[in-house]
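Down below is the structure, laid out as structure tokens.
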Amino acid sequence: MAAEPAASLPYRLTGHVGRRFVQAVEEFGYGAALLVESLYWIVAGHWLNQPVRLRVVAAEMIDIGVSAVPVVAILAFANGGMMALQGIYTLQDFGAQSQVIPGIAMSVTREFGVLIAGIVVAGRSGSAIAARIGTMNMSQEIDALRVMGIEPVRYLVAPMLLAMLVMMPVLAILADAMAVTGGGVITSLKLHMALPVYFDRALAELVPSDIGQGLAKSFVFGVLVVVVAAGNGFIARGGAEGLGRATTRSVVLCIAAIVVADMIFTLFLSR
Amino acid sequence: MTMPQRTSDSSRPVIEVEGLRASWGGQPVLHDVDLSVEAGEIRVVMGGSGSGKSTLLRYLLGLHRPDAGTVRLFGEDISRLGRRDMLALRRRIGVSFQGGALFNSMTVGDNVCLPLREHTRLDEHTIRIMSRMKLEVVSLAGFEHLMPSQLSGGMVKRAALARAIVMDPDILFFDEPSAGLDPVVAADLDALILRLREAMQVTIVVVTHELDSAFAIADRITVLDQGRILMTGGVDEVRNADNERIRNLLTRTATDTEVDVDDYLERLTQGVGPQ
């Protein structure tokens with residue numbers, strides 16, 4: 016049988032890439048719609064007798080934020096310490112070891128504090144949100160909410176979004192503080208510098224715009240985690256295997272979205 | 011658009027379906043379905059697996075928009091209702107899903123309380139008392155502190171029913187209420203459905219393939235097959251129907267499908283082998 020054009024490799028490859036692209040655009044649109052609908056319920060829910068319950072928001076804040084505190088603190092502390100070590104080794108060739116302090120202060124507040132918080136939250140909540148909504152979807156709990164007149168986005172996603180918008184900046188500030196502290200411990204050991212002196216210098220190097228840049232990123236990261244994870248949960252199909260796939264995909268996409276968003280931020284905001 | 015009041019025109023059917031057509035992934039699953047359910051009636055939609063009865067239920071609940079045709083609840087075309095009116099309408103219906111669809115992260119009591127907490131401004135004590143009243147109705151008093159995973163299949167169905175009736179709905183929908191239950195528990199559930207109609211004067215739509223259950227509770231039965239309504243009639247009319255497919259369903263006779271050999275071979279070899 017002669018080879019048909021439909022079966023040729025370039026044709027199939029092009030088709031595959033095209034389908035993937037369309038799927039990506041669809042999912043991007045779905046995520047945007049999810050975000051708009053969540054914001055709609057946060058703003059207009061009260062007038063439609065469908066308010067976003069503060070009790071649920073508080074529970075989400077504990078789940079997303081408070082429970083993540085130990086991991087964020089440990090990772091940020093270790094990261095700050097590593098930055099100090101690397102910085103001191105690099106700068107000692109120039110006899111400028113003490114310049115490690117402004118380096119840590121600036122890079123942590125602008126970049127690494129919020130990035131650590133974002134990646135931890137993406138790993139913890141990105142999988143948990145997708146698994147929870149995916150399970151509810153497969154066991155008809157989402158349908159049950161809808162037929163009870165309870166909008167699933169209002170009931171499930173909007174509280175997560177609100178909680179994330181509050182807790183991500185808090186975690187980012189915590190990560191900043193812990194990373195600077197971690198850097199301080201190493202610096203004081205290596206350079207025989209008293210910790211109060213280190214903190215005085217580090218605080219002197221901080222400028223509000225650097226902290227603001229980190230906080231702005233934290234809001235965006237929080238939104239990305241909720242939208243990507245909830246979106247993956249809502250479109251999860253295919254039983255336990257499908258749920259596992261959706262959960263893994265959610266974490267990978269959350270981290271990828273955070274890193275790409277961070278790069279775009281840095282591109283536009285770096286001085 | 012304004013929602014009809016609870017005292018809406020009683021002479022009009024509470025559910026009206028006209029020319030409903032629906033498809034999944036391009037495959038038609040419902041073909042020009044017409045259905046009319048009177049207030050206070052128990053209507054059973056009966057059919058074999060894949061007949062489209064659960065799909066029909068999803069369209070009655072407004073979970074999907076039809077390809078064509080209309081679904082009217084309380085005289086309102088649900089695909090034309092705005093968000094606010096749709097939410098208001100949904101407070102007037104209760105649904106018991108096949109698997110219960112209880113929220114696994116909540117206790118049975120919180121599951122039953124949820125619609126009251128979301129849709130009313132009642133204080134917590136009143137909400138608790140009202141939910142216990144409904145749990146009493148379904149003989150689950152004292153089980154409100156248990157999680158859904160700690161309940162048996164029959165208890166899950168009854169808890170789901172308690173949640174469905176907690177807002178005193180005008181229409182109750184059941185998706186396969188007897189599926190997966192032993193005959194005694196299934197008969198108990200049938201008796202409970204009949205008692206509910208007596209007590210609440212509620213319209214009930216039951217989707218099932220269980221013949222005994224359908225004949226025990228139905229005022230009228232609609233038989234669905236391959237997405238088409240074969241007949242609607244009383245219990246005796248359906249029992250005595252001479253339509254072959256209905257007879258097969260009633261007598262549990264396997265249907266032989268003629269196999270076209272060429273079609274069969276093409277299906278097997280499509281997209282396989284040398285190009």
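Those sequence lines, one after another, are chains A and B.
In terms of the working numbering, the first sequence is residues 16 to 286.
In terms of the working numbering, the second sequence is residues 11 to 285.
Every residue, glycine too, gets a C-beta built ideally from N, C-alpha and C.
By the Cβ neighbour-count rule, ASP192(B) is exposed, with fewer than 16 other Cβ atoms within 10 Å of its own.
Residues of the same chain with a CB within less than 6 Å of the CB of GLY133(A), apart from the 5 flanking positions on each side, are PHE236 and ILE273 in chain order. Residue pairing by DSSP places VAL194(B) in no beta bridge whatsoever. Comparing alpha-carbon positions, the option among ASP272(B), ILE227(B) and LEU182(B) lying closest to ALA196(B) turns out to be ILE227(B). With a threshold of 16 other beta carbon atoms within 10 Å, SER59(B) falls short and is exposed.
Excluding five sequence positions before and after ARG264(A), the CB atoms of its chain that fall closer than 7 Å to its own CB belong to ASN247, given in chain order. Distance between ARG249(B) and ARG238(B), taken at the CA atoms: about 19 Å. By the neighbour-count criterion, in which 16 or more other beta carbons inside 10 Å mark a residue as buried, MET163(A) falls on the buried side.
Bounds of the alpha helix (DSSP H) holding SER53(A) are 24 to 59. Residue pairing by DSSP places LEU30(B) opposite VAL43(B) in a beta bridge. In chain order, VAL87, ALA91, GLY128, ILE131 and ALA132 place their CB closer than 6 Å to the CB of ALA190(A), counting only its own chain and leaving out the 5 sequence neighbours on each side. Contacts with chain A (Cβ-Cβ distance below 8 Å) from the segment 121 to 133 of chain B involve LEU124, PRO125, GLU128 and HIS129, listed in chain order. Between the C-alpha atoms of PHE249(A) and LEU176(A) there is a straight-line separation of about 15 Å. In this structure MET193(A) is buried. Its beta-carbon is surrounded by 16 or more other beta-carbon atoms within 10 angstroms.
For the segment 146 to 166 of chain A, residues whose beta-carbon sits nearer than 7 Å to a beta-carbon of chain B comprise SER154, GLN155, GLU156, ASP158, ALA159, ARG161, VAL162, MET163, GLY164 and ILE165. Around the C-beta of GLY35(B), fewer than 16 other C-beta atoms lie within 10 Å, and the residue is accordingly described as exposed. It is roughly 19 Å from the alpha-carbon of ALA32(B) to the alpha-carbon of GLU86(B). Here the alpha carbon of ASP229(B) sits roughly 18 Å from the alpha carbon of LYS63(B). With its beta carbon at least 8 Å from every one in chain A, ILE175(B) lies outside the interface.
Taken through DSSP and simplified to helix, strand or coil, LEU83(B) comes out as strand. Distances from the alpha-carbon of GLY254(A) to those of LEU49(A), LEU54(A), MET153(A) and ALA137(A) put MET153(A) closest. Sequence-distant partners of LEU106(A) (beyond 5 residues in either direction) whose C-beta falls short of 7 Å from its own C-beta, in its chain, are GLN112, GLN114 and VAL115. In terms of beta-carbon proximity, GLN65(A) lines the interface with chain B, with at least one pair separated by less than 8 Å. Per the coordinates, the alpha-carbon of ARG138(B) lies some 12 Å from the alpha-carbon of VAL118(B). Note on PHE280(A): 16 or more other CB atoms within 10 angstroms of its CB, so buried under the neighbour-count rule.
The residues ILE137 and SER141, in chain order, have a CB closer than 6 Å to that of CYS123(B) in the same chain once the five nearest residues on each side in sequence are set aside. Interface annotation for the segment 46 to 71 of chain B against chain A: ARG68 and LEU71, criterion Cβ-Cβ distance under 9 Å. For the set VAL43(B), VAL194(B), HIS41(B) and ASN121(B), the Cα lying nearest the Cα of LEU156(B) is the one of ASN121(B). Secondary structure at LEU63(A): coil, using DSSP grouped into helix, strand and coil. For ALA111(B), the nearest CB of chain A lies under 8 Å from its own CB, placing it at the interface with that chain. Between ILE175(B) and GLY104(B) the beta-carbon gap is near 5 Å, inside 8 Å, which marks them as a contact. About 6 Å separates the beta carbons of LEU73(B) and ARG161(A), which is inside the 8 Å limit, making them a contact pair. Contact with chain A is absent for ILE214(B), since none of that chain's Cβ atoms lies less than 8 Å from the residue's Cβ. Counting along the chain, VAL105(B) sits inside no alpha helix (DSSP H); it lies in the beta strand (DSSP E) bounded by residues 103 to 106. With at least 16 other beta carbons inside 10 angstroms of its own, HIS129(B) counts as buried. When ASP178(B), GLY190(B), LEU83(B) and ALA78(B) are compared, the shortest CA-CA separation from LYS167(B) is found for GLY190(B).
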